[in-house]
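Below is one structure; the comments refer to it alone.
There are 2 protein chains.
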Amino acid sequence: MIAIKERIKALYPLSEKSMDLLTAIMHKEVHQKGYLLFEAGERSKKIYFLEKGAARAFHYKNDKEVTFWFGFEGDIALSYYAYFAGKPGYETIELLEDATLYVMNWDDLQSLFLQHIEIANWGRKLAENELINTEERFISHQFFSAKERYLSLINNYSDITQRVLLGHIASYLGITQVTLSRIRAGFGKK
Amino acid sequence: MIAIKERIKALYPLSEKSMDLLTAIMHKEVHQKGYLLFEAGERSKKIYFLEKGAARAFHYKNDKEVTFWFGFEGDIALSYYAYFAGKPGYETIELLEDATLYVMNWDDLQSLFLQHIEIANWGRKLAENELINTEERFISHQFFSAKERYLSLINNYSDITQRVLLGHIASYLGITQVTLSRIRAGFGKK
DNA sequence: GACCTCATTTAACAAATGTTAAAAAGAGAT
DNA sequence: ATCTCTTTTTAACATTTGTTAAATGAGGTC
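Quick mapping for you: the protein sequence lines, in order, are chains A and B.
Here numbering that gives the first Met the number 0 is used: the first residue of the first sequence is 0, the next is one more, and so on.
Here numbering that gives the first Met the number 0 is used: the first residue of the second sequence is 0, the next is one more, and so on.
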């Protein structure tokens, strides 16, 4: 529980009391590679803190999987649509490795938001943080080429090609796996 | 002030008192087409509510402008980077038409967040809402082709081609204006 | 109306990416 | 080491998009 508490505090400083209230509504889960945290169409109200392991979110488009998010240690997995807008999520989130997670339920969290201003501000900060992350994924897509994004990906997560299939990375980058192979083959040739 | 109050309440229901506190820290501004709400590199702490008019956000990439956001009546303009992360924003936001806006300052808002739980929850909802909007722009980019996105754009904003230059729309879609012309010419031909 | 300016479309060619299929490389199990 | 299954790379060709430049269109001014 130590690491997760640090993760929570890093978002927004909390008093002991608020931290106790938050940890009281969360519990630990351990799941194997291949386990689905969410499935498309659900209105899941769970918020997962990924302590150990790797995950990806994907969407079915014309019967093909399009991966659009990777999560690693320290990341948070939740369906924004289901969580914030009450709409069914369009994403499936799959564990790529055996994982340790901490889980909270939105309903429990919601009642803390209404009663404790510190936790309400923590929740605000959580949303703001996820917003920055989402905007960065958006920017990356809008401003950079697939090659630039691939280089930045292996720069930020040097072991990603060991942990994630290249097919998933290609679909994350919005290109085919053939094109990704060409990019990987062409290093140095600009 | 009527319309803007409705806009604020639509995010999250507020008591009279909270609404008064919020409206006390905002003021109206009127600007002409071409006025810049933000310039790239600034750490602007302003939040604009666009009551009337149109705007776009763009970023300079290799000396070229890349438009990545359009705002119309009812939309909110703020630099997430500057506002939430304290980093300099990378975006310039330009008015595309003469506009009426309401402006708040983040510092004033911040002190209300710390004192009034209702306003803290309103701020949470504001961030959650912007998160959904940003995710939708991201999804649109990741899951749909430029042609599909163009069709959905003119479907949602039927007058957008009257209000926004096609060059801006093309860069928003991530294609050149020549390709956009080809898409526009090819209606019906699948 | 003729002229000017800016926005948009069209044309011709070059470059990049997609598609399909086959070959090569890796990882596990026997 | 061999076999099998999966992942990744390569090849050949088709399609799409980019690039540059010219042509057309639309609005405003004299």
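The beta-carbon is built from N, C-alpha and C at its ideal position, and this holds for glycine as well.
C-beta neighbour in chain A for residue 123 of chain B, strict 7 Å: In the second sequence, counting from the first residue as 1, residue 123 of chain B sits at position 124. It does; some Cβ of chain A falls within 7 Å.
Interface partners of residue 65 of chain A on chain B, CB under 7 Å: Taking the first residue of the first sequence as position 1, residue 65 of chain A is located at position 66. Chain B residues near residue 65 of chain A: 141, 142.
Beta-carbon proximity check, residue 75 of chain A vs residue 36 of chain A, cutoff 7 Å: Walking along the first sequence from the start, residue 75 of chain A turns up at place 76. Walking along the first sequence from the start, residue 36 of chain A turns up at place 37. Not a contact, by the Cβ cut-off of 7 Å.
Which of helix, strand or coil DSSP assigns to residue 55 of chain A: Position 56 of the first sequence, counted from the first residue, corresponds to residue 55 of chain A. Note: residue 55 of chain A maps to strand in three-state DSSP.
Any chain B beta carbon closer than 7 Å to residue 137 of chain A: Position 138 of the first sequence, counted from the first residue, corresponds to residue 137 of chain A. Yes, because at least one Cβ of chain B sits closer than 7 Å to the Cβ of residue 137 of chain A.
Burial state of residue 123 of chain B (16 or more Cβ within 10 Å): Numbered from its first residue, the second sequence carries residue 123 of chain B at position 124. Counting Cβ neighbours within 10 Å, residue 123 of chain B comes out buried, since at least 16 surround it.
Buried versus exposed, by CB contacts within 10 Å (16 or more), residue 177 of chain B: Position 178 of the second sequence, counted from the first residue, corresponds to residue 177 of chain B. Residue 177 of chain B should be labelled exposed.
Whole beta strand (DSSP E) elements within the stretch 61-110 of chain A, 3-residue minimum: Fully enclosed beta strand (DSSP E) runs of 3 or longer: 63-70, 91-94, 98-104.
Boundaries of the beta strand (DSSP E) in which residue 29 of chain B is found, first to last residue: Taking the first residue of the second sequence as position 1, residue 29 of chain B is located at position 30. 25-30 is the extent of the beta strand (DSSP E) around residue 29 of chain B.
Beta-bridge partners of residue 142 of chain A, as assigned by DSSP: Along the first sequence, one-based indexing puts residue 142 of chain A at 143. Looking at the DSSP assignment, residue 142 of chain A forms no beta bridge with any residue, so it has no partner.
C-beta neighbour in chain A for residue 60 of chain B, strict 7 Å: Position 61 of the second sequence, counting from 1, holds the residue named residue 60 of chain B. For residue 60 of chain B, the answer is yes, since a Cβ of chain A falls inside 7 Å of its Cβ.
Check: residue 165 of chain A C-beta below 6 Å from any heavy atom of the ligand ZN: Ligands displayed in this structure: none; no statement on the ligand ZN is therefore possible.
Reduced DSSP secondary structure (H/G/I, E/B, other) of residue 13 of chain A: As a working mapping, residue 13 of chain A is identified with position 14 in the first sequence. Coil.
Separation of residue 182 of chain A from residue 189 of chain A, as counted between CA atoms: For the purposes of this step, residue 189 of chain A is identified with residue 190 of the first sequence, where counting begins at 1. For the purposes of this step, residue 182 of chain A is identified with residue 183 of the first sequence, where counting begins at 1. At residue 189 of chain A, the pLDDT of 34 sits below 50, so the modelled position is not reliable and the matter cannot be decided from this model.
Residue 3 of chain B in three-state terms, based on DSSP: In the second sequence, the residue the question calls residue 3 of chain B occupies position 4. Three-state DSSP puts residue 3 of chain B in a helix.
Coarse secondary structure for residue 156 of chain B, derived from DSSP in three states: Counted from its first residue, the second sequence places residue 156 of chain B at position 157. Coil at residue 156 of chain B, not helix or strand.
Collapsed DSSP secondary structure at residue 135 of chain B in the structure displayed: The residue given as residue 135 of chain B occupies position 136 in the second sequence. Three-state DSSP puts residue 135 of chain B in a helix.
Cβ pair residue 39 of chain A, residue 89 of chain A closer than 7 Å: Taking the first residue of the first sequence as 1, we reach residue 39 of chain A at position 40. Taking the first residue of the first sequence as 1, we reach residue 89 of chain A at position 90. Closer than 7 Å, so yes.
Residue 36 of chain B in three-state terms, based on DSSP: The count along the second sequence starts at 1 and reaches residue 36 of chain B at position 37. Residue state, collapsed to three classes: strand.
Length of the line joining the Cα atoms of residue 62 of chain A and residue 173 of chain A: Along the first sequence, one-based indexing puts residue 62 of chain A at 63. Along the first sequence, one-based indexing puts residue 173 of chain A at 174. Spanning the two alpha carbons is a distance of roughly 16 Å.
Proximity test, Cβ basis, 7 Å: residue 133 of chain A and chain B: Taking the first sequence and counting its residues from 1, one reaches residue 133 of chain A at position 134. Yes, because at least one Cβ of chain B sits closer than 7 Å to the Cβ of residue 133 of chain A.
Any C-beta of chain A under 7 Å from that of residue 98 of chain B: As a first step, residue 98 of chain B must be located in the second sequence, where it is residue number 99. No, residue 98 of chain B does not count as interfacial toward chain A.
Same chain only: Cβ atoms within 6 Å of residue 77 of chain B, ignoring 5 sequence neighbours per side: As a position in the second sequence, residue 77 of chain B is number 78, starting the count at 1. Excluding sequence neighbours, residue 77 of chain B sits near 46.
Short CB-CB distance (under 7 Å) between residue 130 of chain B and chain A: Residue 130 of chain B sits at position 131 when you count from the first residue of the second sequence. Chain A, which has a Cβ nearer than 7 Å to the Cβ of residue 130 of chain B, makes this yes.
Residue-chain proximity (residue 83 of chain B, chain A), Cβ-Cβ < 7 Å: Position 84 of the second sequence, counting from 1, holds the residue named residue 83 of chain B. Taking Cβ atoms only, chain A reaches closer than 7 Å to residue 83 of chain B, which makes this a yes.
Test item: CB-CB of residue 81 of chain A and residue 70 of chain A under 7 Å: Here the question's residue 81 of chain A lines up with position 82 in the first sequence. Here the question's residue 70 of chain A lines up with position 71 in the first sequence. No, the pair does not count as a contact, with Cβ atoms beyond the cut-off.
Inter-residue Cα distance where the pair is residue 113 of chain A and residue 104 of chain B: Numbered from its first residue, the first sequence carries residue 113 of chain A at position 114. Numbered from its first residue, the second sequence carries residue 104 of chain B at position 105. Residue 113 of chain A and residue 104 of chain B: Cα-Cα distance of roughly 24 Å.
Closer than 7 Å to chain A by CB, residue 190 of chain B: Nothing can be reported for residue 190 of chain B: it is not among the residues displayed for chain B, which extend from 0 to 189.
Sequence-distant residues of its chain with Cβ nearer than 6 Å to residue 125 of chain B (five each side left out): Residue 125 of chain B sits at position 126 when you count from the first residue of the second sequence. 10.
Residues bridged to residue 48 of chain A [DSSP beta-bridge criterion]: Here residue 48 of chain A is taken as the residue at index 49 of the first sequence, counted from 1. Residue 48 of chain A pairs with A:75, A:101.
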